[in-house]
Amino acid sequence: MSGEEVLTRVLSLLPSKADIGESRFEAANVVIFSKNFDFFMNAHEVLREVAKEVKLRIEARADRSLLMPAEDAESEIRKIIKDAGVTDIFFDTYGSKVIIEVEKPSEVLGNGNNKITEIKKKTAWTPVIQRKPPLKSDIINTIRRIWTQNSKDRSNFLHGVGKRIYEDFKETEWTRVSFLGAAREVGRSSMLLQTNGSRVLMDCGINVANKDKAFPVLDAPEFQIERLDAVVISHSHLDHVGFTPFLYKYGFKGPVYMTPPSLPLAVLLSLDAMEIAHKDGGNAPYSSKEIEQMVLHTIPLPYEEVTNITPDVRLTLYNAGHILGSSIIHFHIGEGFYNLVYTGDMKYGPTKMHDSAVNKFPRVEAVMIESTYGSPRDLLPSLKDAQDSLVKEINEVIDNKGKILIPTAGVGRVQEVMLTVEEAVRNGTLPEIPIYIDGMVWDATAIYTTYPEYLRKNIRKLVFSNEENPLLNPLFKRVGGQKDRKSIVDADESSIIMATSGMLNGGPSVFYLSQLAPYEKNKLIFVTYQGRGTLGETVMHQPKDILINQRDRIPLNMKVVKAEGFSAHSDRKQLLSYLKNMEPRPGLIMPVHGDPAKLPEFASTIRNTLRMSTKIPNILDSIRLK
Ligand SMILES: [Zn+2]
Numbered sequence: 003m004s005g006e007e008v009l010t011r012v013l014s015l016l017p018s019k020a021d022i023g024e025s026r027f028e029a030a031n032v033v034i035f036s037k038n039f040d041f042f043m044n045a046h047e048v049l050r051e052v053a054k055e056v057k058l059r060i061e062a063r064a065d066r067s068l069l070m071p072a073e074d075a076e077s078e079i080r081k082i083i084k085d086a087g088v089t090d091i092f093f094d095t096y097g098s099k100v101i102i103e104v105e106k107p108s109e110v111l112g113n114g115n116n117k118i119t120e121i122k123k124k125t126a127w128t129p130v131i132q133r134k135p136p137l138k139s140d141i142i143n144t145i146r147r148i149w150t151q152n153s154k155d156r157s158n159f160l161h162g163v164g165k166r167i168y169e170d171f172k173e174t175e176w177t178r179v180s181f182l183g184a185a186r187e188v189g190r191s192s193m194l195l196q197t198n199g200s201r202v203l204m205d206c207g208i209n210v211a212n213k214d215k216a217f218p219v220l221d222a223p224e225f226q227i228e229r230l231d232a233v234v235i236s237h238s239h240l241d242h243v244g245f246t247p248f249l250y251k252y253g254f255k256g257p258v259y260m261t262p263p264s265l266p267l268a269v270l271l272s273l274d275a276m277e278i279a280h281k282d283g284g285n286a287p288y289s290s291k292e293i294e295q296m297v298l299h300t301i302p303l304p305y306e307e308v309t310n311i312t313p314d315v316r317l318t319l320y321n322a323g324h325i326l327g328s329s330i331i332h333f334h335i336g337e338g339f340y341n342l343v344y345t346g347d348m349k350y351g352p353t354k355m356h357d358s359a360v361n362k363f364p365r366v367e368a369v370m371i372e373s374t375y376g377s378p379r380d381l382l383p384s385l386k387d388a389q390d391s392l393v394k395e396i397n398e399v400i401d402n403k404g405k406i407l408i409p410t411a412g413v414g415r416v417q418e419v420m421l422t423v424e425e426a427v428r429n430g431t432l433p434e435i436p437i438y439i440d441g442m443v444w445d446a447t448a449i450y451t452t453y454p455e456y457l458r459k460n461i462r463k464l465v466f467s468n469e470e471n472p473l474l475n476p477l478f479k480r481v482g483g484q485k486d487r488k489s490i491v492d493a494d495e496s497s498i499i500m501a502t503s504g505m506l507n508g509g510p511s512v513f514y515l516s517q518l519a520p521y522e523k524n525k526l527i528f529v530t531y532q533g534r535g536t537l538g539e540t541v542m543h544q545p546k547d548i549l550i551n552q553r554d555r556i557p558l559n560m561k562v563v564k565a566e567g568f569s570a571h572s573d574r575k576q577l578l579s580y581l582k583n584m585e586p587r588p589g590l591i592m593p594v595h596g597d598p599a600k601l602p603e604f605a606s607t608i609r610n611t612l613r614m615s616t617k618i619p620n621i622l623d624s625i626r627l628k
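Numbering (my numbering), first residue to last: 3 to 628.
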């Protein structure tokens, strides 16, 4: 059955009174626009039956002819839900939807509440309620505007995606995966899943630490962009998403799937990477135009929601415990033909922010597992020990009136470190000193506070109640620009500075380093992995002096320490127990995203202790799975 035939079949199953003006796909789902107001209001029962029959999700909305004019609808809506504190309203005319941002969603969505029905009844618009972020995020607003202003283009795009998904297809005969990046290396993650019916790219990252191997090998013969069906992003770190906008420069017109919080984080990090490239005098591989294209083509997919993405591939994302919105990618290929899991980066063990990575799936045959900390020497201290030692390191500097620089990626560990410091001040184990959060880290934190449902339960509760939200503690001070930075380093007081980038290869952390490095009383605390060839790696070896921005030689007298245990990655033990406890038990393990020197030993341990087969893919390898 073709896409058009699927729609015709849905329509044929509806009663004639449904009076459907238009029907179309929204990616894998069907939306019908009814001209009959009563049917629109009461379609639920009928649609449930039809959905069962055609095995598709179907939603009814009002035909445009029924919609109350936007202006009148807005004042009507503000009246109906005035207790919820409406802060913004966007009308998506083409989708007959209205996106309403409110301070108190529970006032609209709470139990026994019929406000949604009331809005539909009065205005015929279908409301989508969103919680106002406690910290303003320009990125989230921009994404919403891009979507609503291009409502028609986006609808057409989503309809096209649906038509492709439900294209005529016989059956899956083979499946294989090709490695375009992150094979025997850390960085530029990218793998291509192929079947006789589909081509899906998993991740499309860059390697910020290696100029020669910065991008995935997209000139591999099996990668034909015009035949690519979809891209699935595990999480928003640049080594997983950073090259995705380039695909749109190169002619890609298909969808990108990722979790809802991953999109604003990906936009934030890509914009930042572009800025850094320009500052370094280099050329970014894409512009903000391509980032906008990525936004227009992104289909947000929450955890554990199964969706068709091609005629023979079904996708589910699961919590990976790594950063906000990070996911483990599960592909169900064909009708029970094969099941592949790609872990992306993951943490098998609880952190302050996130639950442990999921390793229970309906079915799984093969696993591509990250192996950043795969060697026997990669055993991290417990989170508790890591927190205690960080507090101790900070206290030592405060006694000497020094400043602490924590270079960090904008997303992930830094929010973990923020929570640790905040708690230490609340417990009295650290004195109250200013904690400066530089630009990008602040923007990322704003996005964290917008998606509490993606955080661990106890933190989620605190973030939902704005009064106790630890990320909003006034201890944290936002750094606006260069002027602020100068006065922070000049001030005669102890402070903690958290700034990007984590490997000191660009960003404000390099400026702080250049100012703080000459003085013995200051301290640099590394909380993240230092890639080969980065300034961070050089500094870690504590030379007498360092070269900043390829021109200024500066004495390095500040103390340099590593606070281990904050890793958002699993350590060796966690990687192995992740596989050991996986349900069901997988047959083939392919370690990726690891140091080439460590991988063979890691793989042989998997074979010998877990009795699972392994293959360590090399770049450009293709492995037939079935
Ligand atoms: Zn990552």
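Beta carbons: idealized from backbone N, C-alpha and C, even for Gly.
What you are looking at is a predicted structure, and each value in this text was computed from that prediction instead of being measured.
Item                                                                                                                         : Value
Proximity test, Asp205 beta-carbon vs ligand 1 heavy atom, cut-off 7 Å                                                       : no
Three-pair Cβ contact test at 8 Å for the segment 270-278 versus the segment 154-167                                         : no
Straight-line gap, Gly97 to Asn321 (C-alpha atoms, nearest Å)                                                                : 30 Å
His237: CB within 7 Å of a non-hydrogen atom of ligand 1                                                                     : yes
Cβ pair Met560, Leu526 closer than 8 Å                                                                                       : yes
C-beta contact flag for Val360 and Ile330 at 8 Å                                                                             : yes
Any non-hydrogen atom of ligand 1 closer than 7 Å to His334 Cβ                                                               : no
Cβ-heavy atom distance, Ile325 to ligand 1, below 7 Å                                                                        : yes
Proximity of Glu634 and Ala86 at Cβ, strictly below 8 Å                                                                      : Limits of the chain in this structure are 3 at one end and 628 at the other, which puts residue 634 out of reach.
Beta-carbon contacts of Pro454 that lie in its chain and below 6 Å, excluding the five residues immediately before and after : Arg462, Val465, Phe466
Own chain, CB closer than 7 Å to Ala62, minus 5 neighbours either side, in chain order                                       : Ile34, Ser36, Phe42, Ala45, Leu49
Buried or exposed (CB count within 10 angstroms, at least 16 for buried), Ala446                                             : buried
Backbone secondary structure at Pro520 - three-state DSSP                                                                    : coil
Which of helix, strand or coil DSSP assigns to His239                                                                        : coil
Buried versus exposed call for Thr530 [16 or more other C-beta atoms within 10 Å across all chains shown]                    : buried
Straight-line gap, Lys520 to His239 (C-alpha atoms, nearest Å)                                                               : A quick correction: the sequence has Pro, not Lys, at residue 520. Spanning the two alpha carbons is a distance of roughly 32 Å.
When Asp347, Leu506, Leu578, Arg609 are compared against Ala184, the one with the closest alpha-carbon                       : Asp347
Met70 versus Ala126 - alpha carbon distance                                                                                  : 7 Å
Beta-carbon proximity of Met584 to Val366, cut-off 8 Å                                                                       : yes
Inter-stretch contact at 8 Å, needing at least 3 Cβ pairs: the segment 569-580 / the segment 534-554                         : no
Collapsed DSSP secondary structure at Pro174 in the structure displayed                                                      : The sequence as given places Thr at residue 174; Pro does not occur at that position. Correct three-state label for Thr174: coil.
His242 beta carbon near ligand 3 (any heavy atom closer than 7 Å)                                                            : Among the ligands in the structure shown, ligand 3 does not appear; only ligand 1 can be found there.
For Ser25 and Lys19, the rounded distance between their alpha carbons                                                        : 15 Å
Phe181 beta carbon less than 8 Å from that of Asp623                                                                         : yes
Residue range of the alpha helix (DSSP H) that includes Tyr340                                                               : First-last for Tyr340: 340-344, but that is the beta strand (DSSP E), not the alpha helix (DSSP H).
Where the alpha helix (DSSP H) through Pro247 begins and ends                                                                : 246-251
Proximity to Leu230 [Cα-Cα], best of Ser200, Ser236, Asp205                                                                  : Ser200
C-alpha distance - Leu558 paired with Pro436, whole-angstrom precision                                                       : 24 Å
Arg613 classed as buried or exposed, judged by whether at least 16 other C-beta atoms fall within 10 angstroms               : exposed
CB contact flag (Pro409, Ser511, <8 Å)                                                                                       : yes
Of the listed residues Gly336, Glu187, Lys459, nearest to Thr177 (C-alpha basis)                                             : Gly336
Bridge partner(s) assigned by DSSP for Gln196                                                                                : Arg178, Arg201
Cβ-Cβ distance between Gly596 and Ser373 below 8 Å                                                                           : yes
Buried versus exposed, by CB contacts within 10 Å (16 or more), Ala30                                                        : buried
C-beta contact flag for Tyr288 and Thr261 at 8 Å                                                                             : no
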